[in-house]
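Numbering (this note's numbering), first residue to last: -10 to 201.
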Ligand code: SF4
């Protein structure tokens, strides 16, 4: 039996008081869609459409449902030694916070984030999914002081098929730059470049106010 509660209590002591703005995986996903989302949401307080909120709500319900499932089979599949479920992580140094579905600990001293996705399996990994894993990997590496070389995605709509995603130091450097770009928009009111993928603008809820 995994001693999740005890470890979470230990971890809570390590998580600092949040005095400064902390970036979340949702912020990074919005930035990845278009950096101007961050500008409109956080500096102009213009919320997105209800449909997007509905998707978030669905995601939350799925998240709660997963917590009730028996997920021990995954642990056997990749031979991890210990698993923690639904762990809140925050680092003032990284200026990042988030709640990771699972943290896996391996015999070689490394650890990995595991994130469930309510989508079908694809060979190609969505950039947003990869970004989320990298953020969690940075937090785990910083807080647990363990190497994090890979993360896992589990696709719940494909019989919980699991994919291993390599995570490198250059991913950490790239993500640190993204976090700094998001902070620059929110803290300094910097108006970022529009997305270069103009097809995104056609369905965008900000298209009527956005200067191209
Ligand atoms: S209209 Fe286009 S550039 Fe403007 S916020 Fe939407 S996606 Fe970004």
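Beta carbons: idealized from backbone N, C-alpha and C, even for Gly.
{"Asked": "Residue 189 CB to nearest heavy atom of ligand 1 below 6 Å", "Found": "yes"}
{"Asked": "Residue 170 versus residue 74 - alpha carbon distance", "Found": "30 Å"}
{"Asked": "Residue closest to residue 34, alpha-carbon to alpha-carbon, out of 77, 175, 192 and 135", "Found": "175"}
{"Asked": "C-alpha gap between residue 150 and residue 29, whole angstroms", "Found": "36 Å"}
{"Asked": "Sub-7 Å separation of residue 104 and residue 90 beta-carbons", "Found": "yes"}
{"Asked": "Residue 138 - DSSP class collapsed to helix/strand/coil", "Found": "coil"}
{"Asked": "Beta-carbon contacts of residue 18 that lie in its chain and below 8 Å, excluding the five residues immediately before and after", "Found": "117, 120 and 121"}
{"Asked": "Heavy atom of ligand 1 within 6 Å of residue 195 beta-carbon", "Found": "yes"}
{"Asked": "Residue 109, DSSP secondary structure in three states", "Found": "coil"}
{"Asked": "From 93, 71 and 99, residue whose alpha carbon lies closest to that of residue 134", "Found": "99"}
{"Asked": "Presumed contact (8 Å Cβ cut-off) between residue 141 and residue 153, rounded CB distance", "Found": "6 Å"}
{"Asked": "Alpha-carbon to alpha-carbon, residue 155 and residue 111", "Found": "16 Å"}
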